[in-house]
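Below is one structure, written out as structure tokens, with a few remarks after it.
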Amino acid sequence: MLPFLSITAAAFGLYASGAALSPRPSAFTFSAEGTGLQLGGPNLAPEIRVAPNDFPGVIRAANDLAVDFGKVLGVNATIVVANWSSTISSKSSSRPIIVVGTAGKSSLVDNLVSLKKLDTTAVANKWETFSYQVTQRPWDGRDSIFVIAGSDLQGTVFGIYDIAEQIGVSPWYWWADVPPAKRQYIWAVDAARTEGPPSIKYRGIFLNDESPCLTSWGHSTFKDSKYGSPFITDFYKRIFELVLRLKGNYVWPAMWSSMFYLDDANNAPTATEYGIFMGTSHHEPMARADKEQNRFLKGSWDWKGNKAGVQSFMEEGATRSKNWSTMYTLGMRGSGDAASSTLTSSALEEVISWQQSTLTKALGKPLSQIPQAWVMYKEVPGYWQKGMKVSDDVTLLWSDDNRGNIRRVPTGKENARSGGSGMYYHFDYVGDPRNYKWINTIQLQKTWEQMTLAHDRGVQNIWIANVGDLKGLELPTAHFMALAWNRDSFENPSSTTDWLKAWCGRQFGEAAGDVAASIMTTYGKLIARMKYEDLSRTPFAFNTVNYDEAELNFKEWTDLLAKAQAVYDALPAATQISFFEVVLHPVLAGRGVYEIYTKTALGIRYADQHRVSANQLANDVQTAFAADSTITKRFHGLLNGKWNHMMDQLHIGYNNWQDPSSQTIPRQTYVTTAAKNAVMGVAVQGSTASFPTASSLMLPPLNSFLPPGTQPWIDVFARDNGTFTYTITSNASFVTLANPKQTIVAPGSSSDIRSIVVVDWNTAPSGSSTVSLKISDGSASATVLVPIQNSAVPSDFKGHVESTGVVSIEAEHFNSAATSKEYVIVPDYGRTLSGVRLPTKSDSQAPAKGPVLAYSFYTFSNAASATLTFYLSPSENANPNSPNRYTFTMDGGAATTVQPVPLGDAGNEPAGWSDAVIKNAYVKTSNLGRLAPGKHELKIWLLEPTMVLTKLVVDVGGLKSSLLGPPESKIVG
Ligand SMILES: *[C@@H]1O[C@H](CO)[C@@H](O)[C@H](O)[C@H]1NC(C)=O
Ligand SMILES: *[C@@H]1O[C@H](CO)[C@@H](O)[C@H](O)[C@H]1NC(C)=O
Ligand SMILES: *[C@@H]1O[C@H](CO)[C@@H](O)[C@H](O)[C@H]1NC(C)=O
């Protein structure tokens, strides 16, 4: 069938069954008493034998493995490059032997095969596959050896690096300073293991948006090229090694102000030797950097106006690279990565067919043997959608919306093209609505959801992730590469959590693995709510009044920081550095930015109420703003400045898509204080009003079904410096306050005191009543009214119950008896709890026919015009023939079908896109009309597997605005 399907054909059966795959068992043990073959011990390291006729890249990687053994054991392995005869003639070696080689190339491996000591059928003629095993009695006098056999250069190299990782050398040992494990013993378990072929044929990273950080760091770390770029071969060796250790094979080089092929004449040959296919970014066709245009292109970058000049420029790219491993980018955009006003579809057809004939001529190979990609980025898919013809040899490299939402999956005949499909995906971006190029803002569950969708819909030839400066994006990069290598091991929706635990265990030690994983899972959720650069929008996105949203959100950051700091404090010093880089730094620095914007927004409200503490909030913002630079300096000071400049990116004070030229603190609001003896102020939850401006305040209505964790409160505060004592009295015995008498001292930490209102529902009268609280400082007194609704639900009711006029439901809390088993819960997906979706391979569903989600809820309000709001992932209509839609019915009534995202034209983002990606959600509201009090059943059909439902809110008269929607209602039964 399709060549790209044959690679993973075996895999299809596996995950179609839906079986959860267990994590792979370790191939090594590390205690003194092991079984199998001993590879290391005190003062004992193996001898690694490689055939001289193997790929130089294999010999190079074998040398890395020798040193990796040294890092773990304290004594390096040795490398012997020798043919079979000399190998066996040194059989007297008392050291353990590892033979490494490429099947069909290595004279060592092939000899073992011909002697029937080794079976390489599992790897032979495969793409990037390896196996390793303990081989018994390979020759006389030798009981057993360890053999790593690869199918090709990359396969063998991946086998080598797989061993390195398993004995305890992280792929991130250099890029994230992960200390190697220290072991006294290493035993190879006597069991054969095969891995590969990879799920995705070409998979790798794009270094992009690389100024200021990567570039300034590069200048201070490497020698500049004659063109002034620091991205010379010494730099790329580090990148290539990392990519190979992550089992990747593909790189798009930095290109903002560098020219990969010219900055160092060794760059491209080194990539080829290592086993890396070099590409160029979406708008740099024919293996020539954008920056080469300025220097070498004769005339303008204009196919119509300067065909001869453009052609000779492109032709040279093909000729120059003919001996190197290259994935050719085809097509063309306008000059400087912008849409071209003169390129029509027919001109673009001509460009690509000319590029293809030039490639066959220059490389002397048929097109089917030349990797080529046409990047369907920004406006480009519009040409394709209009019916442009492009040869089937070309991979259609689809893209996301720069915010992690796949714009398109291949459909119908597109999946039968021999070149297959690819995906260009972003973990970093420069552009609308705002850049995000500072630190990690990626939720791994979302990457999982989108990229498994891509894979399962046929996007299996290329995956390339824009990883910005790389530093700071270690975790999303590692996760992306793991998915691309073995999508099958990510079948289970909780597989990302399992992977993260294992990954953190390998980087930070077993003891810290699970807690580090839970920290990064929470981090992913908090940052899914809003990227740092979007926080400066006004009004502040998190509501400072309703549902205590801004406050509670910031408290989650503070709790997370405490947890991360505690893990850090308990780690060995060597591990603290990597933990800081990957976990503590984003939590600490990220919380700082949230503090600045949260307290600025709260400060505006506090100042309105004339709280003395508004000034403290402003001071906290100043402190957090200053701390931000200190945190950056701390990062830059690690390991004597190894990562100097890597956090140079400005990130506070955005006011348009482009990053600001300096960090600016948001304007703070102060109150002027008179030296009176503290005037009492009072405020209540859910209201901007305050005493004494208003003499009487009202809390939101209370019933016994408040969302768990919700606490109605009253704040008493000082409006001026000084001190006073207040008392709160209630006119009803069933409403009390935790601390009814307190002393306010302003300024200081007790210039505001919060009192929680407690209702005894057993003694409260049934039905509606209003309790009055009196807050008095001896001279003035405020009244706070507490509306009470003491109602019960039928004892057999199971489901969510209304409070404060809303029912809020997390999507995963469906009525499981009435919900179809097809639905998949994606734990930790999205902004609040999780997501629910159809399996990626599901067909489109007809309204109100296929798998159904059912929710039971109970209301008390008699709502004349209720509404139902869906909170959905910001997923795009990835299948243009079948846009995302859902259907719902309320209490068995008429079915309503909604398409949350309009169908734009293929070259542009749909209307509403910007708002959706800022909030990371599509929020769609439908009118329900009258909704009588009582029990209700909501049924929902998600009609497409390309969308995720996260939350539902029914408004029966009390809904207040917020970013995330009200907290989840209480569930009974
Ligand atoms: C192992 O070899 C590397 C590279 O030659 C060297 O830097 C290192 O010191 C050696 N390690 C040991 C333990 O001898
Ligand atoms: C290995 O064998 C090949 C041919 O079999 C020979 O050309 C080469 O010189 C030998 N290399 C070594 C290091 O013995
Ligand atoms: C109130 O206290 C603050 C902080 O100590 C002080 O700066 C300010 O001058 C005081 N206001 C008056 C009117 O004394």
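Counting from -3, one number per residue, gives the positions in the sequence shown under my numbering.
Cβ coordinates follow ideal geometry from the N, Cα and C atoms, glycine included.
Would you say Ala480 and Pro835 are within 8 Å of each other, going by their C-beta atoms?
no
Counting by C-beta, which residues lie closer than 5 Å to a heavy atom of ligand 1, in chain order?
Qualifying residues, in the order they occur: Val63, Gly66, Asn72.
Should His278 and Asp286 be called a contact, given that it needs their Cβ atoms to be closer than 8 Å?
In this structure, His278 keeps its C-beta atom at 8 Å or more from the C-beta atom of Asp286.
Does DSSP put Phe65 in a helix, in a strand, or in coil?
helix
Identify the continuous alpha helix (DSSP H) that holds Met477 and give its terminal residues.
470 to 481
Would you grab the beta carbon distance between Val185 and Ala145 for me? Rounded to a whole angstrom, and I think it's under 8 Å.
17 Å between Cβ atoms; not a contact.
Nearer than 7 Å: is that true of the beta carbon of Thr554 relative to any heavy atom of ligand 3?
no
My assumption, with CB atoms under 8 Å, is that Val952 sits in contact with Glu798. Please give the rounded CB distance.
Their Cβ separation, rounded to whole angstroms, is 6 Å, which keeps Val952 and Glu798 in contact under 8 Å.
Please give the ranges of any alpha helix (DSSP H) in the stretch 476 to 537, keeping only runs that are unbroken, at least 4 residues long and fully inside the region.
As far as the stretch 476 to 537 is concerned, its whole alpha helix (DSSP H) runs of at least 4 residues are 491 to 504, 506 to 525.
Could you name the residues of the same chain whose beta carbon sits closer than 8 Å to that of Ala12, not counting the 5 residues immediately before and after it, in chain order?
Annotation note: pLDDT 31 at Ala12 (below 50); position unreliable, no value reported.
Extract the residue ranges of the beta strand (DSSP E) inside the stretch 282 to 326, only unbroken runs of 3 or more that lie entirely within it.
324 to 326
Starting from Thr885, follow its DSSP beta bridges and name the residues at the other end.
Lys935
Would you check if the stretch 808 to 819 and the stretch 724 to 739 touch, i.e. whether three or more CB-CB distances between them fall below 8 Å?
no
Could you tell me whether the Cβ atoms of Asn457 and Gly416 are closer together than 8 Å?
yes
Determine the direct distance from the alpha carbon of Phe720 to that of Ala742, and round the result to whole angstroms.
C-alpha separation (whole angstroms): 9 Å.
What do you get for Ser18, buried or exposed, if any count of 16 or more other CB atoms within 10 angstroms of its CB means buried?
Note that Ser18 scores 46 on pLDDT, short of 50, meaning its location in the model is unreliable and no value can be drawn from it.
What's the C-alpha gap between Trp495 and Glu470?
14 Å
With a threshold of 7 Å (Cβ to nearest heavy atom), would Thr619 be considered close to ligand 3?
Not under cutoff, so the answer is no.
Ignore the nearest five residues each way along the sequence and tell me which others in Asp901's own chain have a CB closer than 8 Å to its CB.
Gly378, Gln381
Please say whether Leu948 and Thr865 have beta carbons closer to each other than 8 Å?
yes
In the structure shown, what three-state DSSP assignment does Met447 receive?
helix
Could you check if Asn669 belongs to the surroundings of ligand 3, using beta carbon to heavy atom distance under 7 Å?
The amino acid occupying residue 669 in the given sequence is Thr; Asn does not appear at that position. Checking the Cβ of Thr669 against ligand 3 gives yes.
How about Asn539: is its Cβ closer than 7 Å to a heavy atom in ligand 4?
With respect to ligand 4, the structure shown offers nothing to examine, as its ligands consist of ligand 1, ligand 2 and ligand 3.
What does a CB cutoff of less than 7 Å around Gln681 pick up in its chain, not counting 5 residues either side in sequence?
Asp544, Leu695, Pro696, Pro708, Trp709
Can we count Asn615 as close to ligand 3, meaning its CB is less than 7 Å from some heavy atom?
no
What do you get for Leu567, buried or exposed, if any count of 16 or more other CB atoms within 10 angstroms of its CB means buried?
Per the 10 Å Cβ criterion, buried.
Which of the three DSSP states, helix, strand or coil, is assigned to Asn923?
strand
Taking the continuous alpha helix (DSSP H) assigned at Thr268, which residues delimit it?
263 to 270
Within 10 Å of its beta-carbon, does Ser27 have 16 or more other beta-carbons around it, so buried, or fewer, so exposed?
exposed
Roughly how many angstroms separate the alpha carbons of Leu939 and Pro843, rounded to a whole number?
7 Å
Count the C-beta pairs between the stretch 168 to 177 and the stretch 433 to 441 that are closer than 8 Å, then say yes if the count reaches three, no if not.
no
Would you check if the distance between the CB atom of Pro489 and the CB atom of Pro823 is smaller than 8 Å?
Cβ distance < 8 Å, so Pro489 and Pro823 count as in contact.
Cα-Cα, which of Ser90, Ala874, Ser910, Tyr882 is closest to Phe845?
The residue asked about is misnamed: residue 845 is Lys in this sequence, not Phe. Nearest C-alpha to Lys845: Tyr882.
Does the distance from the CB of Ala23 to the CB of Ile44 come in under 8 Å?
Cβ distance not < 8 Å, so Ala23 and Ile44 don't count as in contact.
Rounded to whole angstroms, what's the CA-CA distance from Leu326 to Ala478? Just pull it up for me.
27 Å
If you reduce the DSSP assignment to three classes, tell me which class Thr31 lands in.
coil
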